[in-house]
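Asker: Adding 3 to a residue's 1-based position in the sequence shown gives its number in the numbering used here.
Here a beta-carbon is modelled for each residue, glycine too, at the ideal position from N, C-alpha and C.
Bear in mind the structure is a predicted one, so any value in this text is a computation, not a measurement.
Before I ask anything, here is the structure I am working with.
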Amino acid sequence: MKKFQPTSARQIRRLFEYMRPWRGYFAGGLAALFVSSITSLALFNYVGHLIDVEAGLLKESAYQVIGWLAIILAVQALASFLRIRLFAVVTERTIASLRSDAFRSLLLKPMAFYSERRVGEITSRLSADITSIKDTLTSILAEFIREIIIITGSVLIMAWTSWQLVLFMLAALPVMALVAVGFGRRIRALSRQVQQQAAEANTLTEEALQAIASVKAYTSERWEIQKYDAHNEAMARLGLHNAWFRALFATVVVVVLFGTVVAIVWLGASLVARGIITHGDLFKFFLLSVFMGASIGGLAETWGGLQKALGAIESLFDLMDATPEYNGVPPHRPIQRLKLTGDIQLQKVGFCYPRYPERKVLHQLTTTLPGGCVTALVGPSGAGKTTLAYLLLRFYEPTEGLICIGDQDIRTFDLQSYRHRFAVVPQDIVLFGGTIFENILYARPEASAREVEEAAAKAHVLEFVEQLPQGFQTLVGERGTQLSGGQRQRVALARAFLKNPDILILDEATSALDSVSEQMIQEALSKLMKDRTTIIIAHRLSTIRSADKILVLHKGHLVEEGTHQELVAKPDGLYAHLTALQSLTSPVE
Ligand code: ATP
Numbered sequence: 004m005k006k007f008q009p010t011s012a013r014q015i016r017r018l019f020e021y022m023r024p025w026r027g028y029f030a031g032g033l034a035a036l037f038v039s040s041i042t043s044l045a046l047f048n049y050v051g052h053l054i055d056v057e058a059g060l061l062k063e064s065a066y067q068v069i070g071w072l073a074i075i076l077a078v079q080a081l082a083s084f085l086r087i088r089l090f091a092v093v094t095e096r097t098i099a100s101l102r103s104d105a106f107r108s109l110l111l112k113p114m115a116f117y118s119e120r121r122v123g124e125i126t127s128r129l130s131a132d133i134t135s136i137k138d139t140l141t142s143i144l145a146e147f148i149r150e151i152i153i154i155t156g157s158v159l160i161m162a163w164t165s166w167q168l169v170l171f172m173l174a175a176l177p178v179m180a181l182v183a184v185g186f187g188r189r190i191r192a193l194s195r196q197v198q199q200q201a202a203e204a205n206t207l208t209e210e211a212l213q214a215i216a217s218v219k220a221y222t223s224e225r226w227e228i229q230k231y232d233a234h235n236e237a238m239a240r241l242g243l244h245n246a247w248f249r250a251l252f253a254t255v256v257v258v259v260l261f262g263t264v265v266a267i268v269w270l271g272a273s274l275v276a277r278g279i280i281t282h283g284d285l286f287k288f289f290l291l292s293v294f295m296g297a298s299i300g301g302l303a304e305t306w307g308g309l310q311k312a313l314g315a316i317e318s319l320f321d322l323m324d325a326t327p328e329y330n331g332v333p334p335h336r337p338i339q340r341l342k343l344t345g346d347i348q349l350q351k352v353g354f355c356y357p358r359y360p361e362r363k364v365l366h367q368l369t370t371t372l373p374g375g376c377v378t379a380l381v382g383p384s385g386a387g388k389t390t391l392a393y394l395l396l397r398f399y400e401p402t403e404g405l406i407c408i409g410d411q412d413i414r415t416f417d418l419q420s421y422r423h424r425f426a427v428v429p430q431d432i433v434l435f436g437g438t439i440f441e442n443i444l445y446a447r448p449e450a451s452a453r454e455v456e457e458a459a460a461k462a463h464v465l466e467f468v469e470q471l472p473q474g475f476q477t478l479v480g481e482r483g484t485q486l487s488g489g490q491r492q493r494v495a496l497a498r499a500f501l502k503n504p505d506i507l508i509l510d511e512a513t514s515a516l517d518s519v520s521e522q523m524i525q526e527a528l529s530k531l532m533k534d535r536t537t538i539i540i541a542h543r544l545s546t547i548r549s550a551d552k553i554l555v556l557h558k559g560h561l562v563e564e565g566t567h568q569e570l571v572a573k574p575d576g577l578y579a580h581l582t583a584l585q586s587l588t589s590p591v592e
């Protein structure tokens with residue numbers, strides 16, 4: 004468990020930095036909080052007066068005291084209203100900028116960050132942390148400050164009334180302080196564990212629902228439910244364990260507190276009998292000590308809440324702090340105009356994924372992918388084709404060797420401007436939940452409607468869009484589920500046309516389409532690849548016969564390279580073997 008150490012203080016200061024622009028509102032809120040707490044103390048004080056006035060011990064009339072009480076009540080009502088209103092402004096604004104920064108920092112994280120974590124876990128941890136911080140800013144912090152004011156104020160008023168009674172009461176405080184510190188630590192550690200468990204359970208829900216079709220197809224509902232229930236049970240146990248501590252804490256506090264109150268009433272009664280204090284004083288003292296007692300009891304809850312928020316602040320900033328891909332440069336910086344039309348040279352490129360630094364997935368690759376030509380990457384599953392494409396996209400950096408385009412080391416290009424010259428048509432095309440138009444526009448948000456339509460025409464998207472009642476404005480459904488596989492591919496191609504990249508990476512879809520779709524896609528692809536450096540990650544060898552160059556990878560090694568004709572001419576070669584295998588399994592091709 005993390006202790007409350009300088010790191011925690013630093014994280015809190017960071018949170019205050021987010022609140023800084025709203026410090027005027029915060030100060031106003033604090034002032035209102037102060038006034039509302041003081042007025043509630045004054046209210047109790049005057050109630051005591053009322054008793055002494057009626058007993059004829061004071062000069063004021065009862066109406067005067069009632070008048071004062073009414074004014075105090077009005078001030079308190081106004082102050083409470085202002086407190087909530089002003090703190091709400093601070094909270095909403097602070098949380099909005101925190102959320103926006105968190106989202107931004109997530110988008111700027113390198114791919115390595117995501118290959119080590121589950122997305123569902125990140126999103127649910129983020130939302131739980133932010134909710135907890137929001138709760139704190141909205142009410143827990145104010146509550147905590149109010150309780151402190153009330154406790155201090157009550158002690159002061161009570162001391163003014165009778166120092167003997169207060170001294171007696173204060174003797175009980177160190178006991179409570181010790182209890183609070185001991186329990187606080189425990190509660191905080193447990194809260195953090197509960198939050199983690201909750202995040203894991205959310206991840207399970209999200210993953211199961213996202214893959215609902217597979218869950219149903221494999222009838223693995225029961226298995227998913229069991230997995231979820233195990234987490235759920237662990238979460239409930241932890242929650243109960245935590246509640247046990249909280250309850251024990253509150254009980255100990257209440258016992259110490261009310262024990263003290265009983266003793267005070269007894270001692271107070273003897274002071275009244277000896278004429279040292281009045282009945283009104285004793286009543287006031289009694290009211291204030293109950294009020295103070297409630298505040299001390301409430302401190303247990305609010306302290307727990309603050310500890311929880313502290314855990315959330317730390318975990319949120321930890322998440323935000325992992326190194327960004329763009330070295331902290333905002334993504335809306337102007338894009339430089341680069342030309343990446345030259346040859347791509349690989350010089351002894353080796354690579355291991357950061358997660359498994361011992362396991363090499365690419366070994367000493369040295370070759371050239373000619374600029375403006377089509378190069379196909381071929382090889383059995385797991386050979387490293389996708390990995391090589393990732394290195395070209397600079398999702399990862401090679402662990403050995405160098406990649407150059409037109410003789411320039413790719414690491415020297417500005418990352419965003421570099422990637423801007425690429426278009427990728429992936430295997431499983433994910434569309435965003437907007438309209439078809441927006442999905443194409445995604446490639447270049449500044450493009451005009453005309454350009455989008457032109458791109459759509461080239462990719463044969465127009466053919467099916469025209470059949471739809473709402474045309475381009477048709478919503479594609481979550482992740483594009485309302486379009487067929489072939490239609491989605493055509494939308495993805497339209498995106499690539501609109502992007503007009505220097506380098507095109509095609510991860511060829513494995514599933515075969517019907518022949519009309521296939522023909523349209525092939526035709527669109529040849530248009531798209533014309534005079535562009537194209538890299539095809541090929542699964543069906545029949546589609547790459549005309550590639551200018553074929554690189555054959557096997558277990559991360561480059562085992563052969565050449566054109567189709569050259570490679571099939573080597574009867575013992577891997578390519579010839581793979582081609583023979585495919586023509587056996589799919590004789591039509
Ligand atoms: P396929 O044709 O099946 O898509 P591929 O040739 O594209 O395969 P890669 O995806 O490049 O193969 O994978 C090469 C190797 O790297 C595999 O052994 C794989 O297990 C490993 N690998 C891929 N992604 C990661 C990752 N994020 N972290 C660790 N290892 C990975």
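1) At a cut-off of 7 angstroms, is Thr390 close to the ligand ATP when judged by its beta-carbon and the heavy atoms of the ligand?
2) Going by beta carbon distance, what residues of the same chain come within less than 7 angstroms of Leu531, once the five residues before and after it are set aside?
3) Enumerate, from N- to C-terminal direction, the unbroken alpha helix (DSSP H) stretches of 4 or more residues contained entirely within the region 432-515.
4) Run through DSSP, which three-state label would Leu101 get?
5) How far does the beta strand (DSSP E) with His560 in it extend, from its first residue to its last?
6) Cβ of Arg358 within 7 angstroms of any heavy atom in the ligand ATP?
7) How about Gly187: is its Cβ closer than 7 angstroms to a heavy atom in the ligand ATP?
8) Would Thr134 be called buried (16 or more neighbouring beta carbons within 10 Å of its own) or exposed?
9) Hey, could you find the ends of the alpha helix (DSSP H) Lys219 is sitting in?
10) Give the secondary structure of Pro574 by DSSP, where H, G and I count as helix, E and B as strand, and everything else as coil.
11) Are the Cβ atoms of Ala386 and Lys558 separated by less than 8 angstroms?
12) What are the partner residues of Gly353, as DSSP defines its beta bridges?
13) Straight-line CA distance for Glu20 to Arg26?
14) Output the residue ranges of the alpha helix (DSSP H) runs that lie fully inside the region 9-92 and measure 4 residues or longer, sorted by chain position.
15) Which residues in the same chain have their Cβ closer than 7 angstroms to the Cβ of Arg17, if we skip the five residues on either side of it in sequence?
16) Any contact of the region 67-80 with the region 42-49, i.e. 3+ C-beta pairs under 8 angstroms?
17) Helix, strand or coil for Gly331? Go by DSSP, reduced to three states.
18) Would you kindly work out how many angstroms separate the C-alpha atoms of Asp346 and Val122, rounded to a whole number?
19) Might you give, ordered along the chain, the residues of its own chain that have their beta carbon closer than 7 angstroms to the beta carbon of Thr97, omitting 5 neighbours on each side?
20) Put Ala201 into one of helix, strand or coil per three-state DSSP.
21) Which value, in whole angstroms, describes the spacing of the CA atoms of Thr378 and Ile540?
22) Below 8 angstroms on the Cβ atoms is my contact criterion, and I expect Ala204 with His234 to pass it. Report the Cβ-Cβ distance as a whole number of Å.
23) Beta carbon of Ala3: closer than 7 angstroms to some heavy atom of the ligand ATP?
24) Might you give, ordered along the chain, the residues of its own chain that have their beta carbon closer than 8 angstroms to the beta carbon of Ala272, omitting 5 neighbours on each side?
25) Sort Arg191, Leu570 and Glu469 by Cα distance to Ala303 and report the nearest one.
26) Around the C-beta of Lys287, are 16 or more other C-beta atoms found within 10 angstroms, so that it is buried, or is it exposed?
27) Use the C-beta contact count for Ser298: other C-beta atoms within 10 angstroms, 16 or more gives buried, fewer gives exposed.
Answerer: In brief:
1) yes
2) Leu496, Ala499, Phe500 and Leu507
3) 439-444, 452-461, 465-468 and 488-502
4) helix
5) His560 to Gly565
6) yes
7) no
8) exposed
9) Ile215 to Ala220
10) coil
11) yes
12) Glu403
13) 10 angstroms
14) 9-22 and 26-57
15) Phe320
16) yes
17) The predicted model places Gly331 with a pLDDT of 44, which falls under 50 and marks its position as unreliable, so this point remains unresolved.
18) 36 angstroms
19) Tyr21, Met22, Trp25 and Leu140
20) helix
21) 9 angstroms
22) 4 angstroms
23) Only positions 4 to 592 of the chain appear in the structure, and residue 3 is not among them; the question remains open.
24) Leu285
25) Arg191
26) buried
27) buried
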